[in-house]
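Engineer: For reference, the structure I am asking about is given below.
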Amino acid sequence: MEHLIAIFIGLLYACGVYLVLRRSIVKVILGIFLLSNATNLIIFMAGGIKRGGVAIIEEGAEVADPSLISDPLPQALILTAIVISLGMSAYILALKYRYFDVTGTHDLDQLKNTDQR
Amino acid sequence: MILFTLILLPFSYLMLGLLLKRPKIKRQLALVFASANLVWTLVVLKSVNLQDIIVVNMGSWPAPYGISLVADRFSAFMLLLAAFVFLLVTVYSTQSLDKERRKNGYFFYSFGILLGVNGSFIAGDIFNLYVWFEVMLISSFILMGLGGERKQLEGSIKYLILNLIGSMFFVAGIGLLYGKIGSLNMADISYKMSLAKENLAALNPALILIFVGFAIKGALFPFFFWLPASYHTPPPAITALFAGLLTKVGIYSMIRIFTLFLYHDFEFWSRLVLWMGALSMVVGVIAASSQSDFRKILSFHIISQAGYMLIALGFFTEAGIAAAIFFIAHNMLSKTNAFLVAGWVHREKRSLNLKILGNMFQKSPVWGVVFFISAFSLAGLPPLSGFFGKYMVLKAGIEANQIFISMIALFVGLITLFSMVKIWLEVFWKLPPSDKRLPKDTEAKPANRMLAASLFMAAAIIGMGLFAEPIGEYCSLAARDLLNPSKYINYVLAIN
Numbered sequence: 397m398e399h400l401i402a403i404f405i406g407l408l409y410a411c412g413v414y415l416v417l418r419r420s421i422v423k424v425i426l427g428i429f430l431l432s433n434a435t436n437l438i439i440f441m442a443g444g445i446k447r448g449g450v451a452i453i454e455e456g457a458e459v460a461d462p463s464l465i466s467d468p469l470p471q472a473l474i475l476t477a478i479v480i481s482l483g484m485s486a487y488i489l490a491l492k493y494r495y496f497d498v499t500g501t502h503d504l505d506q507l508k509n510t511d512q513r
Numbered sequence: 018m019i020l021f022t023l024i025l026l027p028f029s030y031l032m033l034g035l036l037l038k039r040p041k042i043k044r045q046l047a048l049v050f051a052s053a054n055l056v057w058t059l060v061v062l063k064s065v066n067l068q069d070i071i072v073v074n075m076g077s078w079p080a081p082y083g084i085s086l087v088a089d090r091f092s093a094f095m096l097l098l099a100a101f102v103f104l105l106v107t108v109y110s111t112q113s114l115d116k117e118r119r120k121n122g123y124f125f126y127s128f129g130i131l132l133g134v135n136g137s138f139i140a141g142d143i144f145n146l147y148v149w150f151e152v153m154l155i156s157s158f159i160l161m162g163l164g165g166e167r168k169q170l171e172g173s174i175k176y177l178i179l180n181l182i183g184s185m186f187f188v189a190g191i192g193l194l195y196g197k198i199g200s201l202n203m204a205d206i207s208y209k210m211s212l213a214k215e216n217l218a219a220l221n222p223a224l225i226l227i228f229v230g231f232a233i234k235g236a237l238f239p240f241f242f243w244l245p246a247s248y249h250t251p252p253p254a255i256t257a258l259f260a261g262l263l264t265k266v267g268i269y270s271m272i273r274i275f276t277l278f279l280y281h282d283f284e285f286w287s288r289l290v291l292w293m294g295a296l297s298m299v300v301g302v303i304a305a306s307s308q309s310d311f312r313k314i315l316s317f318h319i320i321s322q323a324g325y326m327l328i329a330l331g332f333f334t335e336a337g338i339a340a341a342i343f344f345i346a347h348n349m350l351s352k353t354n355a356f357l358v359a360g361w362v363h364r365e366k367r368s369l370n371l372k373i374l375g376n377m378f379q380k381s382p383v384w385g386v387v388f389f390i391s392a393f394s395l396a397g398l399p400p401l402s403g404f405f406g407k408y409m410v411l412k413a414g415i416e417a418n419q420i421f422i423s424m425i426a427l428f429v430g431l432i433t434l435f436s437m438v439k440i441w442l443e444v445f446w447k448l449p450p451s452d453k454r455l456p457k458d459t460e461a462k463p464a465n466r467m468l469a470a471s472l473f474m475a476a477a478i479i480g481m482g483l484f485a486e487p488i489g490e491y492c493s494l495a496a497r498d499l500l501n502p503s504k505y506i507n508y509v510l511a512i513n
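Those protein sequences? They're chains R and V, same order as listed.
Just so you know, we're using my numbering here: the first sequence kicks off at 397 and counts up by one.
Just so you know, we're using my numbering here: the second sequence kicks off at 18 and counts up by one.
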């Protein structure tokens with residue numbers, strides 16, 4: 397299962413990088429979404445995958461058996477990372493909308509008006 | 018509690034800013050909170066001097082499990098400077114920014130940046146550091162686009178995309194590091210790394226990702242392209258705030274992870290850091306000398322000066338790290354002040370193009386002198402702070418037997434001087450060309466608060482030069498703590 401997800405993460409990264417290198421801003425933004433999701437999956441994988449490993453200490457026991465539970469911390473981290481990337485996505489879409497309003501283009505090559513010629 | 022207040026102060030301003038409607042009250046509250054923050058960083062500095070390292074465990078969870086806030090001498094010094102710069106830029110922006118932007122939440126988001134910066138300086142947990150980075154970044158994204166002018170939107174898109182990719186590098190690195198080490202507390206990671214002496218190569222992929230993340234934030238050599246593409250687009254007060262605070266947090270984190278994690282594999286990392294620093298210095302300064310926009314020249318110099326901090330870190334001696342700390346402090350003040358002067362020129366002439374500006378010295382000799390002080394402090398003329406910063410870097414380099422790198426630094430200093438003289442001559446000295454259509458003078462608006470902020474900053478630059486001895490002494494103490502990570506580990510993990 398880990399191998400499968402690792403390959404999947406690789407695919408997501410590949411698609412993300414491909415999209416980020418495109419000329420249209422919308423595609424670049426989609427690429428950013430893919431990259432951030434791939435990154436979230438990396439954090440998720442950091443804890444390893446276990447079937448049915450709920451991180452709750454059994455009643456009466458002092459410590460949980462680490463071979464039975466999966467690490468809950470990466471799940472907490474990924475939650476934070478997802479919320480952050482959601483906020484960023486909302487902002488970047490709003491920015492794109494405003495940019496389209498002002499300039500009427502989504503060609504990245506039009507983005508050089510402030511560069512020195 | 019003492020560290021928690023540093024987060025609470027900007028946070029409560031954010032909460033009040035949501036409730037209050039009247040711009041005048043918001044502005045005055047911003048000044049009150051920024052001053053309170055400055056006073057509180059002094060308190061932190063004082064108690065750090067007494068206790069060496071302050072550790073606060075949030076929610077009283079013991080150290081490797083809970084989130085710790087840590088302040089040592091290095092972070093206390095950075096906190097003080099950030100608070101000082103922030104207060105002066107806030108005073109400056111009450112006059113320099115237009116009403117529209119002030120009403121639309123400039124102060125609100127600038128306090129968001131302060132919250133992120135304060136948090137990053139006291140984070141003792143690497144994921145927590147990432148979250149503070151994001152707090153800082155999202156506020157800076159909004160400030161970059163605030164006002165919605167066409168060029169601002171262009172700059173924002175470049176800034177936003179490259180910085181988001183930087184954050185992804187950082188957080189992917191954290192994920193992999195956690196998978197290998199099983200801890201997020203920086204002291205705990207460092208401790209576990211020192212136990213696993215021979216298997217450290219397995220950590221390098223994760224550390225490289227984190228390193229690249231910081232290099233993008235700190236605008237270092239192959240990763241700096243977002244900075245000159247965006248820093249000249251927002252209003253000058255906002256650029257000044259960014260120049261003073263944002264990249265410096267990247268460099269701060271770089272020093273922090275170098276002294277805690279990377280030094281374990283010293284051979285590999287120190288060479289990388291040294292050459293990245295040297296190339297940043299050279300590329301930044303040469304690119305700057307070909308520009309003809311006031312703020313673009315200064316933006317490229319940010320990159321070049323980040324290189325100085327990095328090579329001083331790469332020497333990895335007590336003198337070297339002390340020099341890096343001193344140089345960051347000097348650079349925060351001088352660079353911000355140079356941007357503040359650019360803000361005044363922009364206000365007077367509505368342009369920052371060197372070709373059509375001129376004779377500003379006659380218009381206001383005081384501003385001319387203020388620019389002279391900050392620009393030639395950047396170039397490194399005695400008795401200003403930059404001279405001592407560069408002197409310390411070079412001295413540390415020669416003592417560490419890195420003669421070639423030190424010579425590069427010396428040579429870069431010369432070209433820096435060239436760029437600063439160029440701005441001085443073109444903007445302040447020469448007569449404006451008569452044949453071109455000149456920007457008309459805008460009607461005289463008062464600039465007294467802007468000038469006051471800038472004068473305070475200039476006084477601080479001179480003061481840092483005059484009191485270089487005690488400040489350098491403090492930096493050496495901070496460097497000694499950084500070079501002795503077991504002390505940091507003992508304090509954070511409460512091992513006695």
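Quick reminder that beta carbons are idealized off the backbone N, C-alpha and C, glycines included.
The structure displayed is predicted, hence computed values, not measured ones.
Among the residues of its own chain, which have a CB less than 7 Å from the CB of residue 465 of chain R, if the five just before and after it don't count?
Structural biologist: Stepping through the first sequence from its first residue, residue 465 of chain R is reached at position 69. The answer, listed in chain order, is 449, 450 and 451.
Engineer: Would you mind telling me which residues of chain V sit closer than 8 Å to residue 509 of chain R, beta carbon to beta carbon, in chain order?
Structural biologist: Counting from one through the first sequence, the residue named residue 509 of chain R turns up at place 113. Neighbours of residue 509 of chain R on chain V, chain order: 167, 168 and 171.
Engineer: If we cut at 8 Å on Cβ distances, does residue 463 of chain R have a partner in chain V?
Structural biologist: Working through the first sequence from its first residue, we reach residue 463 of chain R at position 67. Closer than 8 Å: no.
Engineer: Let me know if residue 39 of chain V comes out buried or exposed under the rule of 16 or more other beta-carbons within 10 Å of its beta-carbon.
Structural biologist: For this step, residue 39 of chain V is matched to residue 22 along the second sequence. Its Cβ having fewer than 16 others within 10 Å, residue 39 of chain V is exposed.
Engineer: Write down the C-beta distance between residue 20 of chain V and residue 56 of chain V rounded to the nearest angstrom, noting that I regard them as a contact closer than 8 Å.
Structural biologist: On the second sequence, residue 20 of chain V is found 3 positions in, with the first residue counted as 1. On the second sequence, residue 56 of chain V is found 39 positions in, with the first residue counted as 1. The pair is not a contact, with the Cβ atoms about 15 Å apart (cut-off 8 Å).
Engineer: Evaluate residue 332 of chain V with the Cβ neighbour count: other Cβ atoms within 10 Å of its Cβ, from every protein chain shown; 16 or more gives buried, anything less gives exposed.
Structural biologist: Indexing the second sequence from 1 puts residue 332 of chain V at position 315. Flag for residue 332 of chain V reads buried.
Engineer: 8 Å is my cut-off, CB to CB: does residue 60 of chain V come that close to chain R?
Structural biologist: By one-based count along the second sequence, residue 60 of chain V stands at place 43. No, its Cβ sits nowhere closer than 8 Å to a Cβ of chain R.
Engineer: For residue 88 of chain V, name the three-state secondary structure that DSSP assigns.
Structural biologist: Stepping through the second sequence from its first residue, residue 88 of chain V is reached at position 71. Reduced to three states, the DSSP call for residue 88 of chain V is strand.
Engineer: Within 10 angstroms of its Cβ, does residue 512 of chain V collect 16 or more other Cβ (buried), or is it exposed?
Structural biologist: As a first step, residue 512 of chain V must be located in the second sequence, where it is residue number 495. Under this definition residue 512 of chain V is an exposed residue.
Engineer: Quick check for students: name the residue ranges of the beta strand (DSSP E) that lie wholly in the segment 213-256 of chain V, counting only runs of 3 or more.
Structural biologist: none
Engineer: Nearest by alpha-carbon distance to residue 223 of chain V: which of R/439, R/477, R/502 and R/431 is it?
Structural biologist: Against the second sequence, residue 223 of chain V aligns to sequence position 206. Of R/439, R/477, R/502 and R/431, the residue nearest in Cα terms is R/439.
Engineer: Answer with yes or no whether the minimum CB distance from residue 450 of chain R to chain V is below 8 Å.
Structural biologist: Taking the first residue of the first sequence as position 1, residue 450 of chain R is located at position 54. Chain V contact via Cβ: absent.
Engineer: Cβ closer than 8 Å: which chain V residues qualify as neighbours of residue 494 of chain R?
Structural biologist: By 1-based counting over the first sequence, the position of residue 494 of chain R is 98. Here the neighbours are 162, 165 and 170.
Engineer: If you measure beta-carbon to beta-carbon, which residues of the segment 475-506 of chain R are closer than 7 Å to chain V?
Structural biologist: Under the 7 Å Cβ criterion, the segment 475-506 of chain R contributes 476, 477, 480, 483, 484, 487, 488, 491, 494, 495, 498 and 499.
Engineer: Can you check whether the C-beta of residue 424 of chain R is within less than 8 Å of a C-beta belonging to chain V?
Structural biologist: As a first step, residue 424 of chain R is located in the first sequence; it is residue number 28 there, counting from the start. Yes, its Cβ sits closer than 8 Å to a Cβ of chain V.
Engineer: Can you list the residues of chain V that residue 401 of chain R reaches, using a CB-CB cut of under 7 Å?
Structural biologist: For the purposes of this step, residue 401 of chain R is taken as the residue at position 5 of the first sequence. Ordered by position in chain V, no residue passes the 7 Å Cβ test against residue 401 of chain R, which lies about 13 Å from the chain.
Engineer: With distance defined between alpha-carbon atoms, name the residue in V/191, V/438, V/214 and V/233 nearest to residue 314 of chain V.
Structural biologist: Counting from 1 along the second sequence, the entry for residue 314 of chain V is found at position 297. Nearest of V/191, V/438, V/214 and V/233 to residue 314 of chain V, Cα basis: V/438.
Engineer: If I follow the unbroken alpha helix (DSSP H) through residue 354 of chain V, where does it start and stop?
Structural biologist: Taking the first residue of the second sequence as 1, we reach residue 354 of chain V at position 337. Counting along the chain, the alpha helix (DSSP H) containing residue 354 of chain V begins and ends at 335-366.
Engineer: Just to confirm, are residue 140 of chain V and residue 510 of chain V a CB contact at a threshold of 8 Å?
Structural biologist: Position 123 of the second sequence, counted from the first residue, corresponds to residue 140 of chain V. Position 493 of the second sequence, counted from the first residue, corresponds to residue 510 of chain V. No; because the gap between Cβ atoms is not below 8 Å, this pair is not in contact.
Engineer: Of all the beta strand (DSSP E) runs that stay within the bounds of the segment 37-110 of chain V, which reach a length of 3 or more residues?
Structural biologist: 71-74 and 85-88
Engineer: For residue 140 of chain V, name the three-state secondary structure that DSSP assigns.
Structural biologist: Against the second sequence, residue 140 of chain V aligns to sequence position 123. Residue state, collapsed to three classes: strand.
Engineer: Given that residue 470 of chain R touches chain V, what residues does it touch there, using C-beta distances under 9 Å?
Structural biologist: Position 74 of the first sequence holds residue 470 of chain R. What residue 470 of chain R touches in chain V: 192, 195 and 196.
Engineer: Cβ atoms of residue 470 of chain V and residue 105 of chain V: under 8 Å apart, would you say?
Structural biologist: Working through the second sequence from its first residue, we reach residue 105 of chain V at position 88. Working through the second sequence from its first residue, we reach residue 470 of chain V at position 453. Contact flag set, yes.
Engineer: Determine the burial state of residue 264 of chain V: buried for a count of at least 16 other Cβ atoms within 10 Å of its Cβ, exposed for fewer.
Structural biologist: Residue mapping note: residue 264 of chain V aligns to position 247 of the second sequence, counting from 1. So residue 264 of chain V counts as buried.
Engineer: Whole angstroms are fine: how far does the CA of residue 406 of chain R sit from the CA of residue 259 of chain V?
Structural biologist: Position 242 of the second sequence holds residue 259 of chain V. Position 10 of the first sequence holds residue 406 of chain R. Answer to the nearest angstrom: the Cα atoms are 35 Å apart.
Engineer: What residue does the alpha helix (DSSP H) around residue 458 of chain R start on, and which one ends it?
Structural biologist: In the first sequence, the residue the question calls residue 458 of chain R occupies position 62. Counting along the chain, residue 458 of chain R falls outside any alpha helix (DSSP H), and DSSP gives it neither H nor E.
Engineer: Answer with yes or no whether the minimum CB distance from residue 372 of chain V to chain R is below 8 Å.
Structural biologist: Along the second sequence, read from residue 1 onward, the residue named residue 372 of chain V stands at position 355. No, residue 372 of chain V does not count as interfacial toward chain R.
Engineer: Would you say the segment 340-351 of chain V touches the segment 323-332 of chain V, given that touching needs at least three Cβ pairs under 8 Å?
Structural biologist: yes
Engineer: Under 8 Å: do the segment 168-179 of chain V and the segment 83-93 of chain V share three or more Cβ pairs, one atom per stretch?
Structural biologist: no
Engineer: Any C-beta of chain V sitting closer than 8 Å to the C-beta of residue 432 of chain R?
Structural biologist: Position 36 of the first sequence, counted from the start, is the residue given in the question as residue 432 of chain R. It does; some Cβ of chain V falls within 8 Å.
Engineer: Please return the same chain residues whose Cβ sits closer than 6 Å to the Cβ of residue 506 of chain R, not counting the five positions on each side in sequence.
Structural biologist: Along the first sequence, read from residue 1 onward, the residue named residue 506 of chain R stands at position 110. Counting only Cβ-Cβ distances below 6 Å, and skipping sequence neighbours, we find nothing.
Engineer: Mind listing the chain R neighbours of residue 151 of chain V? Cutoff is C-beta to C-beta under 7 Å, in chain order.
Structural biologist: The sequence position of residue 151 of chain V within the second sequence is 134, counting from 1. Ordered by position in chain R, the residues that pass the 7 Å Cβ test against residue 151 of chain V are 480.
Engineer: With a 10 Å radius around its C-beta and 16 neighbouring C-beta atoms as the bar for buried, classify residue 453 of chain R as buried or exposed.
Structural biologist: What you label residue 453 of chain R is simply residue 57 of the first sequence in a count that begins at 1. Under this definition residue 453 of chain R is an exposed residue.
Engineer: Let me know if residue 353 of chain V comes out buried or exposed under the rule of 16 or more other beta-carbons within 10 Å of its beta-carbon.
Structural biologist: Against the second sequence, residue 353 of chain V aligns to sequence position 336. By the 10 Å Cβ count, residue 353 of chain V comes out buried.
Engineer: Assuming residue 290 of chain V and residue 330 of chain V make a contact with CB atoms under 8 Å, what is their CB distance in whole Å?
Structural biologist: Translated into the one-based positions of the second sequence, residue 290 of chain V becomes position 273. Translated into the one-based positions of the second sequence, residue 330 of chain V becomes position 313. 6 Å between Cβ atoms; contact.
Engineer: Taking the CB atoms as reference points, tell me whether residue 343 of chain R and residue 421 of chain R lie closer together than 8 Å.
Structural biologist: The structure shown does not extend to residue 343 of chain R, since chain R is modelled only from 397 to 513, so the question has no answer here.
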